[in-house]
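Colleague: The following block contains the structure, expressed as structure tokens.
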Amino acid sequence: MKKILAEDLWFPEGPVWLPDGSIVLVEIRRGTLTRVWPDGRKSIVAHLGGGPNGAALGPDGHIYVCNNGGFKWAPDDGRLVNGIPADYTSGRIERVNLDTGKFELLYDSVDGRRLCGPNDIVFDEHGGFWFTDLGKTRERDLDLGRVCYAKPDGSSIREVIFPILKPNGIGLSPDGKTLYVAETESGRLFAWEITAPGELKRVRGAVPIPHGGTLIYTPGHFARFDSLAVEANGFICVATLGTGGISICAPDASGAEFFATGDPMTTNICFGGPALKKAYLTLSGRGQLLEVDWPRAGLKLHGY
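For the sequence shown, my numbering puts the final residue at 350, and the numbers step up evenly by one.
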């Protein structure tokens with residue numbers, strides 16, 4: 047079964063299912079963290095400004111937001127346009143109190159370099175979080191991306207992967223031993239072995255990849271990857287732009303299947319509901335939140 051749970055969302059992204067059955071998500075174009083209730087009602091939790099993108103529930107019950115700092119938008123239909131708004135200073139990681147709507151800045155730089163465009167985030171079993179910094183695209187050039195690891199109390203952040211091309215979706219395997227990152231422009235899904243909290247093993251093969259990841263999946267046609275979620279069985283579900291849907295990839299690179307939505311700007315997926323067998327997809331081109339009966343259970347995330 048599929049149903050539209052909410053409409054008139056201004057480029058929704060970063061869905062997070064909460065135990066009370068509601069979904070919090072970001073509206074990038076509106077600059078808000080918004081709550082969608084099971085009956086479709088919407089309420090704004092916080093006006094964050096900039097470009098709130100990925101979100102995750104932290105172990106303290108707060109929502110942690112990757113804020114890309116903002117984009118320029120086409121005036122007609124909300125399509126993303128290459129360029130940086132006049133009020134852009136940097137990207138940032140913010141912590142939001144769901145009860146009060148108050149939010150605070152945790153990080154806006156790493157190793158003395160500003161965060162350019164934080165995008166997606168996932169917590170690990172140790173209470174820290176991984177996040178992608180996709181960077182910014184300008185008229186004639188773009189930033190190299192990176193992946194960082196940080197603590198939720200604002201005390202520690204470090205760059206772990208650099209360089210990487212437009213890193214977007216990020217997730218962990220069920221046993222917490224593998225990190226997955228999807229590259230947007232290449233349409234590739236990579237994996238790294240986690241050796242300790244915030245530390246990775248890099249593969250150096252015959253034709254080494256600069257960031258040391260292992261290629262898990264890339265479709266046999268042009269596609270761009272966005273955010274991702276992981277099923278309880280370890281399969282990785284990557285929101286796929288252009289073709290419009292979810293690429294479901296085996297962790298051993300043995301193959302994939304595709305769930306079509308009809309919206310070329312299908313940007314994210316999370317799991318919730320009884321036994322985590324509901325999937326919630328952000329259809330950003332249409333401004334909708336889609337609820338789907340998923341054939342398999344999603345992975346229970348740390349922080350719940």
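Beta carbons: idealized from backbone N, C-alpha and C, even for Gly.
Quantities reported herein were computed from a predicted structural model and do not represent experimental measurements.
Should N214 be labelled buried (16 or more other beta-carbon atoms within 10 Å of its own) or exposed?
Modeller: Mapped onto the sequence shown, residue 214 falls at position 168. Buried, because 16 or more other Cβ atoms sit within 10 Å of the Cβ of N214.
Colleague: Taking only the alpha-carbon atoms, compute the straight-line gap between D145 and V62 and give it to the nearest angstrom.
Modeller: On the sequence shown, residue 145 is found 99 positions in, with the first residue counted as 1. On the sequence shown, residue 62 is found 16 positions in, with the first residue counted as 1. The alpha-carbon atoms of D145 and V62 are separated by roughly 15 Å.
Colleague: For a test of the three-state rule: what should DSSP assign to P265, helix, strand or coil?
Modeller: To locate residue 265, count along the sequence shown from 1; it is residue 219. Of the three classes helix, strand and coil, the one that applies to P265 here is coil, per DSSP.
Colleague: Using a threshold of 9 Å, state whether the C-beta atoms of Q334 and L161 are closer than that.
Modeller: By one-based count along the sequence shown, residue 334 stands at place 288. By one-based count along the sequence shown, residue 161 stands at place 115. Not a contact, by the Cβ cut-off of 9 Å.
Colleague: Quick one: using the 10 Å Cβ neighbour count with 16 as the cut-off for buried, is M47 buried or exposed?
Modeller: Here the question's residue 47 lines up with position 1 in the sequence shown. Answer is exposed; the Cβ neighbour count stays below 16.
Colleague: Which residue from S273, L79 and C194 puts its Cα closest to that of S202?
Modeller: Here residue 202 corresponds to residue number 156 of the sequence shown, with the count starting at 1. Considering only alpha carbons, the answer is C194.
Colleague: What does the alpha-carbon distance come out to for the pair G107 and W176?
Modeller: In the sequence shown, residue 107 corresponds to position 61, counting from 1. In the sequence shown, residue 176 corresponds to position 130, counting from 1. Using only the alpha carbons, I get a separation of about 17 Å.
Colleague: Taking the C-alpha atoms as reference points, what is the distance between R75 and A228?
Modeller: Along the sequence shown, read from residue 1 onward, the residue named residue 75 stands at position 29. Along the sequence shown, read from residue 1 onward, the residue named residue 228 stands at position 182. Rounded to the nearest angstrom, the two C-alpha atoms are 23 Å apart.
Colleague: Could you compute how far the alpha carbon of W327 sits from the alpha carbon of C316?
Modeller: Position 281 of the sequence shown holds residue 327. Position 270 of the sequence shown holds residue 316. One point to set straight first is that residue 327 is Leu, not Trp, in the sequence displayed. Cα to Cα, L327 sits roughly 7 Å from C316.
Colleague: Among N279, S300 and E205, which has the Cα closest to the Cα of H257?
Modeller: For the purposes of this step, residue 257 is identified with residue 211 of the sequence shown, where counting begins at 1. Closest option to H257, Cα to Cα, is E205.
Colleague: I'd like to know whether the C-beta atoms of D189 and G200 end up nearer to each other than 9 Å.
Modeller: For this step, residue 189 is matched to residue 143 along the sequence shown. For this step, residue 200 is matched to residue 154 along the sequence shown. Contact flag unset, no.
Colleague: Have a look at I69 and T289 and give me their C-alpha separation to the nearest angstrom.
Modeller: Taking the first residue of the sequence shown as position 1, residue 69 is located at position 23. Taking the first residue of the sequence shown as position 1, residue 289 is located at position 243. Spanning the two alpha carbons is a distance of roughly 25 Å.
Colleague: Identify every run of the alpha helix (DSSP H) within the segment 169-215, keeping only runs that are complete inside it and at least 4 residues long; order them along the chain.
Modeller: Here no run is fully enclosed.
Colleague: Of all the options I139, I130, G158 and P164, which has the alpha carbon lying nearest to the alpha carbon of L152?
Modeller: As a working mapping, residue 152 is identified with position 106 in the sequence shown. Considering only alpha carbons, the answer is I139.
Colleague: Could you please give me the residues that DSSP links to R81 through a beta bridge?
Modeller: Numbered from its first residue, the sequence shown carries residue 81 at position 35. Paired residues: V70 and S89.
Colleague: Which residues mark the beginning and the end of the beta strand (DSSP E) in which R234 is found?
Modeller: Stepping through the sequence shown from its first residue, residue 234 is reached at position 188. Note, R234: beta strand (DSSP E), R234 to A242.
Colleague: Rounded to the nearest angstrom, what separates F304 and W340 at their Cα positions?
Modeller: The residue given as residue 304 occupies position 258 in the sequence shown. The residue given as residue 340 occupies position 294 in the sequence shown. In a straight line, the C-alpha of F304 is about 13 Å away from that of W340.
Colleague: Taking 6 Å as the limit between beta carbons, can you name the residues of its chain near E171, skipping five residues before and five after?
Modeller: Walking along the sequence shown from the start, residue 171 turns up at place 125. So the qualifying residues of the chain are G222 and H348.
Colleague: For Y263, count neighbouring Cβ atoms within 10 angstroms of its own Cβ and tell me buried if that reaches 16, exposed if not.
Modeller: Within the sequence shown, residue 263 is the residue found at index 217, counting from 1. Buried, by the Cβ-count rule.
Colleague: At which residue ranges does the segment 92-145 contain complete beta strand (DSSP E) runs of 3 or more residues, listed in the order of the chain?
Modeller: Complete beta strand (DSSP E) runs here, min 3: 98-103, 109-113 and 138-142.
Colleague: Buried or exposed: where does S22 fall if 16 or more other Cβ atoms within 10 Å of its Cβ makes it buried?
Modeller: Only positions 47 to 350 of the chain appear in this structure, which leaves residue 22 out of reach.
Colleague: If I follow the unbroken beta strand (DSSP E) through D54, where does it start and stop?
Modeller: Here the question's residue 54 lines up with position 8 in the sequence shown. Element bounds for D54: n/a, residue is neither H nor E.
Colleague: Let me know the secondary structure DSSP gives A321 once reduced to three states.
Modeller: In the sequence shown, counting from the first residue as 1, residue 321 sits at position 275. A321 falls in the helix class under three-state DSSP.
Colleague: Compute every distance between the C-beta of R76 and the non-hydrogen atoms of the ligand NAP, then say whether any falls below 8 Å.
Modeller: Among the ligands in the structure shown, none appear at all, so the ligand NAP cannot be discussed.
Colleague: Is the beta carbon of A354 less than 9 Å from the beta carbon of K324?
Modeller: Limits of the chain in this structure are 47 at one end and 350 at the other, which puts residue 354 out of reach.
Colleague: State the beta-bridge partners of G291 as determined by DSSP.
Modeller: Along the sequence shown, one-based indexing puts residue 291 at 245. Answer by DSSP bridge pairing, in chain order: T286 and A306.
Colleague: Count the other CB atoms, across all protein chains shown, that sit within 10 Å of the CB of P58; report buried if there are 16 or more and exposed otherwise.
Modeller: Reading the sequence shown from its first residue, position 12 is the one you call residue 58. With 16 or more Cβ atoms within 10 Å of its Cβ, P58 is classed as buried.
Colleague: With a threshold of 16 other CB atoms inside 10 Å of the CB of T73, please say whether the residue is buried or exposed.
Modeller: By 1-based counting over the sequence shown, the position of residue 73 is 27. Checking the sequence shown, residue 73 turns out to be Glu, not Thr. Buried.
Colleague: Check the C-beta distance from E231 over to R270 and give it rounded, since I have them as a contact under 8 Å.
Modeller: Indexing the sequence shown from 1 puts residue 231 at position 185. Indexing the sequence shown from 1 puts residue 270 at position 224. Right, the Cβ-Cβ distance comes to about 6 Å (below 8 Å), so this counts as a contact.
Colleague: Once you ignore the five residues that flank G67 on each side, which residues in its own chain have a CB closer than 7 Å to its CB?
Modeller: The count along the sequence shown starts at 1 and reaches residue 67 at position 21. Correct list, in chain order: P84.
Colleague: DSSP three-state call for C316: helix, strand or coil?
Modeller: For the purposes of this step, residue 316 is taken as the residue at position 270 of the sequence shown. C316: strand per DSSP, three-state reduction.
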